[in-house]
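This report concerns only the one structure given below.
There are 4 protein chains.
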Amino acid sequence: MKQYASGRHFLQIPGPTNVPDRVLRAIDRPTIDHRSAEFAALGHDVLEGMKTVFRTSQPVVIYPASGTGAWEAALVNTLSPGDRVLMAETGQFATLWKKLAEKLGLEVVFLSGDWRHPADAAQIEAHLAEDKAHTIKAVCVVHNETSTGVTSDIAGIRKAIDRAGHPALFLVDTISSLASIDYRHDEWGVDVTVGGSQKGLMLPPGLSFNAISEKALSASGGAKLPRAYWSWQDMLSANSGGFFPYTPATNLLYGLREALHMLQEEGLDKVFERHARHASATRSAVRAWGLEILCQQPQAYSNSLTAVVLPDGHNADDLRNIILERFDMSLGTGLGKLAGKVFRIGHLGHFNDLMLAGTLSGVEMGLSLASIPHNKGGIMAALAFLSGVPEARTINTVALQ
Amino acid sequence: MKQYASGRHFLQIPGPTNVPDRVLRAIDRPTIDHRSAEFAALGHDVLEGMKTVFRTSQPVVIYPASGTGAWEAALVNTLSPGDRVLMAETGQFATLWKKLAEKLGLEVVFLSGDWRHPADAAQIEAHLAEDKAHTIKAVCVVHNETSTGVTSDIAGIRKAIDRAGHPALFLVDTISSLASIDYRHDEWGVDVTVGGSQKGLMLPPGLSFNAISEKALSASGGAKLPRAYWSWQDMLSANSGGFFPYTPATNLLYGLREALHMLQEEGLDKVFERHARHASATRSAVRAWGLEILCQQPQAYSNSLTAVVLPDGHNADDLRNIILERFDMSLGTGLGKLAGKVFRIGHLGHFNDLMLAGTLSGVEMGLSLASIPHNKGGIMAALAFLSGVPEARTINTVALQ
Amino acid sequence: MKQYASGRHFLQIPGPTNVPDRVLRAIDRPTIDHRSAEFAALGHDVLEGMKTVFRTSQPVVIYPASGTGAWEAALVNTLSPGDRVLMAETGQFATLWKKLAEKLGLEVVFLSGDWRHPADAAQIEAHLAEDKAHTIKAVCVVHNETSTGVTSDIAGIRKAIDRAGHPALFLVDTISSLASIDYRHDEWGVDVTVGGSQKGLMLPPGLSFNAISEKALSASGGAKLPRAYWSWQDMLSANSGGFFPYTPATNLLYGLREALHMLQEEGLDKVFERHARHASATRSAVRAWGLEILCQQPQAYSNSLTAVVLPDGHNADDLRNIILERFDMSLGTGLGKLAGKVFRIGHLGHFNDLMLAGTLSGVEMGLSLASIPHNKGGIMAALAFLSGVPEARTINTVALQ
Amino acid sequence: MKQYASGRHFLQIPGPTNVPDRVLRAIDRPTIDHRSAEFAALGHDVLEGMKTVFRTSQPVVIYPASGTGAWEAALVNTLSPGDRVLMAETGQFATLWKKLAEKLGLEVVFLSGDWRHPADAAQIEAHLAEDKAHTIKAVCVVHNETSTGVTSDIAGIRKAIDRAGHPALFLVDTISSLASIDYRHDEWGVDVTVGGSQKGLMLPPGLSFNAISEKALSASGGAKLPRAYWSWQDMLSANSGGFFPYTPATNLLYGLREALHMLQEEGLDKVFERHARHASATRSAVRAWGLEILCQQPQAYSNSLTAVVLPDGHNADDLRNIILERFDMSLGTGLGKLAGKVFRIGHLGHFNDLMLAGTLSGVEMGLSLASIPHNKGGIMAALAFLSGVPEARTINTVALQ
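Below you can see the structure in the form of structure tokens.
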């Protein structure tokens, strides 16, 4: 049993994110008959609404499943056993997607990366250009690497594929960017986009998505990987009437409809600006502390999370535990090879300036309490950014006590 | 937009069932960090709690998925492409499970049935006895056919398999019986039991389960069907710490914990008695109306739903629509070949005598309004059963005001 | 600790009534600053909305208080110590209002009644006609006596006062009729109408109302009873901006706004028809049982509740306890001199045909279990009324299974 | 309609306070029969629980009313028309209580104050000592002045009354101190303590309280102010069975039970320490900004709110509006003669370090945006206090941009 904690928990992992009361209350409604006209109206609303979020006019399907399920769906609907896929190693989630592909019997060409840079369009282009026989059937990229806070340039990779004149499908994971960072399924020529509910969509986990291009749909006709639960055909056929081929997660769909209303009320462009602003403020704080941002390419900085590197000899999980115990805030742990080396600040979803100020204050106090060498005043830098009123002169650099 | 309806909707389809306020309120809580100690406690609670519901001491896994996903999981974890499985055609869901198996590349021996009787243990025994080469790798049976209201004798089928001395795995679907009708995973020697959240467990849809025998787990080592999302190995490994290999549907797990508390407070045996009592009362009403119960074998009557056959020339969906419009009650439609011929009354989950009385009253009025030939007084028969006070010989005729 | 009860409790007392989920969810929102513009919008909405419910264009005030508080407010704002008021003894609530008036230092002329008839307009007229000196300052009548299920004719009493040419104020309690039974504050020339939240308005208890005529407002200028919390002046002055003179019960106001939306969606006239229909159906059942309706004047039957008289020698509370224990339904007890002699069935608020059928089924079974002499089939009579399909001459006798 | 605001509103007025989800969810439950055994258990729980909060073994009564109602109740139950009461002018709420007393027909001796100091025990003693005839029937003091953030020394005033040997009753308002600042009804010899739900008790507004000494109860026997709704006698008589003399605000009582559990889980002493800590941190920030705390006596600093004085020529409401619009935070306005001159920061109720950090960050940014002369770094001072890690040297004083 968790010790009593007064006040509201700060859930600042990069997802699941803070679920708004409006969404929770929407979910907290009696389940209805999933074969009723009332349900069909709900089904249509969310299926159409999701298209605006993916910026697509092509079909989107909704699975009662975690994001991992939607990864699997993207692969099994388009590929056949033994097919080669080209994947870019951007971090832990790219690595997990690779392992999943291998479990399904695919052969993965993994373009290695250092987890501090985005996927390399030129490298992808080069590989594709060499693949004269078109043995590579798909290129898989994570748009926003949740483990590192690095965002890859999907439009650029699309162009690279086109330059190589390669027919591979283009599959993109937007689990931690969708509804937080600008993304355009149609304009960028993506074939399957994978999304999840528990990040920018502000929902609890339990729903995931595939946005599907004409080309992907057509590829699914010849794809031989066995599939049933994930099969697009059954799904799309039932969806046309607002229904699902098996019992959908109705209450989460209530929440999705409410979240779509909220995104529409705020406006997607403002949502993206807000995330960009909070990300900039966070990086201001990190720089003021004198700490290192994991991402080494400024144009690839993620707007939904920031991974911060601790100085050698300091364990990020010790810091996270101190912050959790003292300030009731959850921060993201370092995943995979980053374990203990970085912590991640989620600044996405249902969030605002003062929640960010509380978050960065908690980090700043935690750094002191954990005796991590740093300059004080990261919070001051963030407030200066957020208010648009520059800090005068310099805040004194303060030595650690 | 649905027209305004005063009062509470009667959701009397055989699932999703009426979700209790306690469960909805439990779900309506902020999502937490799925890697925290607080989450691990939740994970342990629900994983252990589910064992009591399946009456097993062996592992249970929980998927963020519909029941269809758990069907798929049961197959892909234990079987290899081309494996033969023996399935009993008890109704629409058995048929759907068969189709799913075929999509996954399995070869199904489908023991045909008339949708009015349970799976035939003798027929299963005969088939297995003939299969000297043990080419049949699994026997798949639906415990309670949601499309027909017929319950098969799982213990009896276990004995039949044993009598045949056949090593096939025994896979059972309890989606609409779990926590409603007595079921014993261990005692009955079942290898994989498939369950879902939205029926007797009183939750919204979105979670499903596999209870896994030692033998099944061992079979999974050699099973060659590709799998990742459904893979037991990753799941069990993460579960040992109270965690999940990918983001779990945390808020539904809150609801599951509450539902498990409720089942424990009532006591599983009382839960089963209650369902048996409501099923008997429902059949009393159906008989009094002079209508036919679809299930033709009294010992196979389902305790969670009753499918009622309409007289020739009358469409069950017309009746259902009248009842929905006039009385705001959802009843189950006839599925597959039963479309239009039967309607199904769900009497499972969070339910009580007066909810049943309201339900049967709605059916009785609907029969009148739809001009379905019937005797009046089904509700009287049900009340006599429920109160334990037999109806007097004649009901006084009362003039209408 | 209450024993575990499966399914939904039937709250069939004549208030508090079953609160709809929509209202509960509206209440379940963070409290806001009661001095903010957002609050002012809420304040305006509910103050204006309540006028439509009282059918008035004059001011309505909302107290964070029970209905008893609104009784007190009606008196202390309009009267002075020692003032004489004429009250009609319609039942327990009329008696309690009289006691309250006496506690406040008023002199009550109490027109005695037998608790089975409405207030007698002729008797009121006679009293007023005799009061040449106009020592009577107010006439107080309960529109719908919650303790008896008798509705008085407010329009008729207004005419009686007018015929007597008497200047007394006319104060009316509509606590259990508002939003259930047709009521017209302006058209019927009522000076103060008293209402409460927990009946036809479908809210939890905690809010109460005064609708105030010009004449009443003017009388308040000279009224000498001390008042502060209940003072209309401060209230109206703050209300003009959408605010309140002290902290309002914000969350209940959220619920009120939602309830007003629901009433508007259904339409007040349909709301009244629905209540009339359920009341008729209930009386059909009572007559079929051969039991006596407490109200002895058919045109005064209440549409929001029905009080049923038990045969001599039978205790209504024993019956109520059996029904509560066996069927988890709360019925209203006999109040004051009716204790043990009657039980009351609430059929008001958020209610529908099948909830009523469940309710009457519970009563019918309870009558059997408590061995109260009665004819079976009250539920059949009610269903015949509700469906509009008359019962056949004879109900087929069906043997019990 | 309020513009869409992402993230959680910061409700930092000194009440209503941020209502915890646990409390909101408790309130969001179906209303039950207020005459049932289940209700009686609830009634007992909350009536007993409130005694621990008031630190009394004497009766506590609960009104379905705002705090203003409980003020009125304290007076009408103990006093007679024309009685003299001694009140200390600590601020706006003391002034409102005085006006209320006058409206009820009491004669108030109002010890004038400058709204920046606590009630003066010596002055009270002197007045009482001079009142040889004991014409003063009650001394009324506001424990924590919500309008000023000044806390009076109730134990000290008790001693002053005792030194004067005066029999006056001692009535204390703890609306904004109860469950936030140490308070002892019995030990400090208070006769009536007035409390409300929407501050330290973390509930929405709508409940208020009187804790009643033996002496006060005995005084009520002879008190002649008319009373009915507020009458202790009826209330205590019904309370003995766990019930109420009129319909209670059942759903708010659900919330109260949950809030009492939460206070018990945290422990009242820890609750008080937490409030003291947050108040100290807040004052650190105010001092660092170079702004003036309204309260001029350090031992009288309030732990539940801090009122901050703006430099001449600056309007506090302009600042508050900027903060509301830019950062979605509500702060308390200056009341009465302090209008425009001060703003108030509520730091009470369900609150924690990071919520405070967010709050103070919002104020700091607001000061910049509103061009209020101040030194930057208040938030740094607060973080130093909260973390226990002192700021090194000094944060540079920064001139306003």
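Protein chains in written order, with my numbering: chain A, 1 to 401; chain B, 402 to 802; chain C, 803 to 1203; chain D, 1204 to 1604.
Think of the CB as a built atom: it goes at the ideal place given N, C-alpha and C, for glycine as much as any other residue.
Since the structure is predicted, the reported quantities are computational estimates derived from the model, not experimental observations.
Take Val1279(D), set aside five residues on each side of it, and the residues of its chain with a beta-carbon closer than 6 Å to its own are Leu1428, Arg1430, Trp1433, in chain order. Only residues of its own chain outside the window of five on either side were considered, and among them Pro1262, Val1264 have a CB closer than 7 Å to the CB of Leu1439(D), listed in chain order. Within the region 460-488 of chain B, the runs of alpha helix (DSSP H) at least 4 residues long that lie entirely inside it are, in chain order, 468-477. For Ser614(B), the secondary structure class from DSSP, reduced to helix, strand or coil, is coil. With fewer than 16 other CB atoms across the displayed protein chains lying within 10 angstroms of its CB, Pro1175(C) is exposed. At a beta-carbon threshold of 8 Å, the residues of chain C lying near Phe752(B) are Ser808, Gly809, ordered along the chain.
In this structure, Ser609(B) sits away from Leu412(B), with a CB-CB distance that is not shorter than 8 Å. Against chain A, a Cβ distance below 9 Å from Ala1491(D) picks out nothing, because the smallest value is about 12 Å. When secondary structure is reduced to three states using DSSP, Asn1105(C) falls in the coil class, being assigned neither helix nor strand. Assignment of Leu268(A) by DSSP, reduced to helix, strand and coil, places it in the helix class. Legend: CB atoms of the region 1216-1232 of chain D lying less than 7 Å from CB atoms of chain B belong to residues Asp1224, Arg1228, Asp1231, Arg1232. Around Ile1339(D), the same chain offers Arg1287, Val1288, Leu1289, Val1312, His1330, Leu1331, His1369, Ala1371 as residues with beta carbons nearer than 8 Å, after the five sequence neighbours per side are excluded. Taken in chain order, the whole beta strand (DSSP E) runs of length 3 or more contained in the region 1331-1395 of chain D are 1339-1345, 1372-1376. For Thr1450(D), the nearest CB of chain C lies under 8 Å from its own CB, placing it at the interface with that chain. As DSSP reads the structure, Leu512(B) sits in a beta bridge with Ala489(B).
Note that the region 1545-1563 of chain D touches the region 344-364 of chain A; at least 3 beta-carbon pairs, one per stretch, sit closer than 8 Å.
Sequence-ordered contacts of the region 1164-1182 of chain C with chain B read Gly1164, Glu1166, Met1167, Ser1170, Leu1171, Asn1177, Lys1178, Gly1179, Ile1181, Met1182 [C-beta pairs closer than 7 Å]. Each residue's CA atom was taken as its position, placing Gly1458(D) and His347(A) some 32 Å apart. Taking all protein chains in view, the Cβ of Asp120(A) is crowded by 16 or more other Cβ atoms within 10 Å, so the residue is classified as buried.
With a threshold of 8 Å between beta carbons, Glu265(A) makes contact with chain D.
Looking from the CA of Leu100(A), the closest CA among Lys215(A), Glu364(A), Ala74(A) belongs to Ala74(A).
DSSP places Leu1410(D) outside any beta strand (DSSP E), giving it a letter other than H or E.
Taking a cut-off of 8 Å on C-beta distances, the region 1513-1533 of chain D does not touch the region 1341-1349 of chain D, as fewer than three cross pairs fall below it. Setting aside the 5 residues that flank it on each side, Pro482(B) is surrounded in the same chain by Gly506, Lys625, Leu626, each with a C-beta closer than 7 Å to its C-beta; the list follows chain order. Gln1436(D): member of the alpha helix (DSSP H) spanning 1435-1442, first to last residue.
8 Å or more divides the Cβ of Trp917(C) from the Cβ of Arg960(C). In terms of Cβ geometry, Pro20(A) and Ser176(A) do not form a close pair [threshold 8 Å]. Taking each of Ala842(C), Glu891(C), Ser982(C), Ile834(C) in turn and checking the Cα distance to Ser914(C), the smallest one comes out for Glu891(C).
Put simply, the region 734-743 of chain B does not touch the region 1127-1147 of chain C. Fewer than three CB pairs are less than 8 Å apart. If you draw a straight line from the Cα of Pro390(A) to the Cα of Ala384(A), it comes to about 5 Å.
In the DSSP annotation of this structure, the continuous segment of the beta strand (DSSP E) that includes Ser1132(C) starts and ends at 1131-1133. Between the C-alpha atoms of Ala534(B) and Ser621(B) there is a straight-line separation of about 21 Å. Remark: C-beta atoms of Arg827(C) and Asn1053(C) do not approach each other more closely than 8 Å. Pro1100(C) counts as exposed, since fewer than 16 other C-beta atoms from the protein chains shown sit within 10 angstroms of its C-beta.
Counting along the chain, the unbroken alpha helix (DSSP H) around Gly444(B) starts and ends at 438-455. C-alpha of Asp554(B) to C-alpha of Trp690(B): approximately 29 Å in a straight line.
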